Amino acid sequence: MKLNFKAIFVVVLCAVMWCTAQAQQVAIIPQPAHIEQHSGSLVLRADMTMAYDAECEPQAQYLREAIFRSTGFDWKTSAKKNRASVVLSIDAERVPASEGYELRVDARQVRITAHDNSGLFYGIQSLLQLLPPEVHGRELQRDVEWRLPQVLVSDAPNHPWRGMMLDVARYFFDKEFVKHYIDMMAMYKMNKLQFHLIDDSGWRLEIKKYPRLTEVGAWAGKDQNRLGGYYSQDDIKEIIAYAAVRGVEIIPEIEFPAHMLSAVVAYPWLSCTGKQHEVPRQHFISRDLLCVGKESSLQFLADVLDETVSLFPSNYINIGGDEAVYDRWQECPLCKKVMQREGITKASDLQGYLTNVVANMMKAKGKTVVGWEEIIQRGKVSQPVVAMMWHEVKDTIQATQTGHKAILAPATNVYLDFPESRTPGELKAATWMPPISLEKCYSMPINDYSSSSTVLGVQGCFWSDQFIHGTILQELPQLNEDRSERYAEYLTFPRLLAVAELGWCSNATRSFASFKQRIGSHYARLSYKDCNYRVPEPDIMKMTEADGKVRFELASPVAGATIRYTTDGSYPHSHSAVYSAPVTVERKEDFRAITEVDSRHYSLPLYFAPDFSAYKQHGDFVAEWKPNMLAEGKGTWRFESTGKMVGNGTYQLTFVCTHGAALSLGKLTQYKRDEVLAEVMPTAVAEGSAVVTYTIEQSAFEAGLPFFIEVETNGNASGSYGYVFVKKVK
Ligand code: TNX
107 MKLNFKAIFV
117 VVLCAVMWCT
127 AQAQQVAIIP
137 QPAHIEQHSG
147 SLVLRADMTM
157 AYDAECEPQA
167 QYLREAIFRS
177 TGFDWKTSAK
187 KNRASVVLSI
197 DAERVPASEG
207 YELRVDARQV
217 RITAHDNSGL
227 FYGIQSLLQL
237 LPPEVHGREL
247 QRDVEWRLPQ
257 VLVSDAPNHP
267 WRGMMLDVAR
277 YFFDKEFVKH
287 YIDMMAMYKM
297 NKLQFHLIDD
307 SGWRLEIKKY
317 PRLTEVGAWA
327 GKDQNRLGGY
337 YSQDDIKEII
347 AYAAVRGVEI
357 IPEIEFPAHM
367 LSAVVAYPWL
377 SCTGKQHEVP
387 RQHFISRDLL
397 CVGKESSLQF
407 LADVLDETVS
417 LFPSNYINIG
427 GDEAVYDRWQ
437 ECPLCKKVMQ
447 REGITKASDL
457 QGYLTNVVAN
467 MMKAKGKTVV
477 GWEEIIQRGK
487 VSQPVVAMMW
497 HEVKDTIQAT
507 QTGHKAILAP
517 ATNVYLDFPE
527 SRTPGELKAA
537 TWMPPISLEK
547 CYSMPINDYS
557 SSSTVLGVQG
567 CFWSDQFIHG
577 TILQELPQLN
587 EDRSERYAEY
597 LTFPRLLAVA
607 ELGWCSNATR
617 SFASFKQRIG
627 SHYARLSYKD
637 CNYRVPEPDI
647 MKMTEADGKV
657 RFELASPVAG
667 ATIRYTTDGS
677 YPHSHSAVYS
687 APVTVERKED
697 FRAITEVDSR
707 HYSLPLYFAP
717 DFSAYKQHGD
727 FVAEWKPNML
737 AEGKGTWRFE
747 STGKMVGNGT
757 YQLTFVCTHG
767 AALSLGKLTQ
777 YKRDEVLAEV
787 MPTAVAEGSA
797 VVTYTIEQSA
807 FEAGLPFFIE
817 VETNGNASGS
827 YGYVFVKKVK
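Residue numbers (our numbering): 107 to 836.
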């Protein structure tokens, strides 16, 4: 037989090219502004060398260590840039955009040229993301070919502010976790950490002039059972230095006039009343504010801010300012005096006055004040400040109209303390707003940045009041180690990657479809970084309903993961059938499928919520009752309504009996945690008592608190089933 060598050669060549192409899929997050992929690659070796300008030293060291840790290659420094295999330089003329970089990989060399040190760090991150995921490993990885595709990336961020807020006040995350969080932000080119150091439930920053802030204010409970902690000034310096190499600026947040009960516990004279409180163990918004009328409390503020800004090199200082309730100021003779002196008529406008005083004080130190949106909404503030818009994106108009800047941090899209889904089995998290899926997070509207923009960028917020002191996490015995930290990661990832892309990319380069495709290979990178994440449910590529049957075509959202499924409504496990081709079932509720990354990491099953379209006129679904939830004769049924009646106004709650015995319903009581808010009788009963409506006037809504409804029931003896719906009518 005569072998056709030419044909064999072509086949082999094609196979090699196909394999290389498969392995070399470029999937950088955030998506670079410009990227050209060339054919060919470069394989890293132990005998490579690095050359760099002296000013690149911190980032060169970072790269050398990252490469050594995972590959074991101990690259030597070379003096000759044209001979070295990796060349790092800073050249602001060649790369004019701030934080920008150019990354070139050709057949013999990697070159990163950046505008500044941040840009250089970002070029290195893109380089690492071009290598196999093992490069992020914390120890030596064996049998990996460290192949880089040949590329030319030229990249710079669209928005100058790409932030995360970490709430270390409600739950104390230790120094190591904070560093890890910063490292993860930096991997995705985020550059600002708002460090929420103070809240009612804890004071976390050592202030030498006021030692009781941390001796007393950092701890809830007593003796060996006390919980909490704080950062010494040395810890802070260590965290700042760690962040600086990674281009992350740390902006300390010193909250006032509300959300600072921990300071009032330490020094009761700070408040108007002087009342002695305890550091709370649950989400709580203190009504005892910092007194604006006392010289001593203003001096305290000045001293604390002085010590804080001399510790943190950032040009910004965040003063919090959210959610104050002004009754105390209204009643305080000293505060009233200030109002008179300043010609202020509303107690709430005292906050604007205080913001101005502080903003002027900070300006003298070369610092700009940042705070929650309330700082520009309570009276006139003449010094330009930066407002963190946490309610609605459209409210940034207020900043434009008053000459301030703004950052988008809307709870609806970028509050990562909300769960991703309503799927049964989802870990508990904040409920005062609906869940935020990865797509919803990614789809936050944001305009492209220009130097005249009001909006400087975007900031994700990670609050920890919902699992303060482990109260929720005690329910998760399987997460025994660092459970709160793992849980914080579960909520933060993968959504942090979406927030990163919102800040980095222009609208022209941002696309959820492309992001979805790129993120698939990032889960492995997160794992090598030892970072927990929420495993996404399988993607439904196509669902066809025909002849009373449903056909599912699925795909794994995680590269390399397996999909397992059941068709009898049971929960899939590690021995369930592996999905390899479309599956047809009779009822879609009976089809369940999970994404299995490994035996310990898998998603929740796909979930199909019941169809409520027949009840549309009653509003949104709140709760469901079944016979086993109710007493046989007279009794009360209690259910949670958190997140269903967001904001003050008039609401109609409708109880619809769907089958079984119609219930007779009596008095309804609404609770905010333990406090009774309303007691009402039905306002309408229809369809032979199967549809009962109540009207509730809500005037005491508070974000972050749980709400409950309790209703008197009678007549479940023969079994009753139904739904509760809510509609806002005013
Ligand atoms: C509202 S957002 C708060 C925080 C809570 C958060 C919980 C904002 C400025 N204030 O105090 O932690 O809700 O989601």
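From the three backbone atoms N, C-alpha and C, an ideal C-beta is built for every residue, glycine too.
Predicted model only: the values in this text are computed from it and were never measured.
Within its own chain, the residues whose Cβ lies closer than 6 angstroms to the Cβ of Y521, once the five positions on either side in sequence are excluded, are C567, listed in chain order. In the displayed model, K442 falls within a helix according to three-state DSSP.
Shown here, Y459 sits in a helix according to DSSP, grouped into three states. Counting only runs that start and end inside the stretch 604-674, the alpha helix (DSSP H) elements of at least 4 residues fall at 618-625 and 628-634. Put simply, the backbone Cα of L603 is about 9 angstroms away from that of M291.
When rounded, the separation of the alpha-carbon atoms in K285 and K443 is 46 angstroms. Membership of I356 in the beta strand (DSSP E) is indicated by the continuous run E355 to E359. For L407, there is no enclosing beta strand (DSSP E); the residue is part of the alpha helix (DSSP H) that begins and ends at E401 to L417. Judged by the Cβ position, W309 fails to qualify as a neighbour of the ligand TNX at the 7 angstroms threshold, every heavy atom of the ligand being at least this far.
DSSP places W435 within a helical segment (H, G or I) once states are collapsed to three. For G269, the shortest C-beta to heavy atom distance toward the ligand TNX is 7 angstroms or greater.
In its chain, beyond the 5 residues on either side, A661 and P663 have a beta carbon closer than 6 angstroms to the beta carbon of D645. The beta carbon of A604 sits no closer than 7 angstroms to any heavy atom of the ligand TNX. By alpha-carbon distance to S416, the top candidate from K381, N638 and I356 is I356.
With a threshold of 16 other beta carbon atoms within 10 Å, I503 falls short and is exposed.
Not one heavy atom of the ligand TNX sits closer than 7 angstroms to the Cβ of E746. DSSP, reduced to helix, strand and coil, places K343 within a helical segment of the structure shown.
Note that the stretch 294-312 touches the stretch 356-365; at least 3 beta-carbon pairs, one per stretch, sit closer than 8 angstroms.
In this structure, R276 sits near G308, with a CB-CB distance shorter than 8 angstroms.
For Y827, the uninterrupted beta strand (DSSP E) segment begins and ends at S826 to K834. Judged by beta-carbon spacing, G380 lies within the 8 angstroms limit of P374, meaning their Cβ atoms are closer than that value.
Residue range K281 to M293 is occupied by the alpha helix (DSSP H) that includes D289. At least 8 angstroms separates the beta-carbon of L562 from that of I482. DSSP places N820 in the strand class (E or B) of the three-state scheme. By the Cβ criterion, the stretch 756-766 is in contact with the stretch 723-733, since at least three pairs of Cβ atoms, one from each stretch, lie closer than 8 angstroms. Spanning the alpha carbons of S682 and R670 requires a straight line of approximately 6 angstroms. In this structure, G749 has its CB at a distance of at least 7 angstroms from all heavy atoms of the ligand TNX. Take Q572, set aside five residues on each side of it, and the residues of its chain with a beta-carbon closer than 6 angstroms to its own are D523, A535 and A536, in chain order.
With a threshold of 7 angstroms, the Cβ atom of Y521 counts as near the ligand TNX, since some heavy atom of the ligand is closer than that.
For the ligand TNX, no non-hydrogen atom lies closer than 7 angstroms to the CB of D412. Distance from the CA atom of H383 to the CA atom of A505, rounded to whole angstroms, is 36 angstroms. In terms of Cα proximity to L460, the closest of V491, E643 and G472 is V491. Looking at the backbone, the Cα of P600 and that of V656 are separated by about 30 angstroms.
Around the beta carbon of H242, 16 or more other beta carbons sit within 10 angstroms, so the residue counts as buried. In this structure, the beta-carbon distance from V257 to H140 does not fall below 8 angstroms. Boundaries of the alpha helix (DSSP H) harbouring T508: T502 to T508, taken from the DSSP string.
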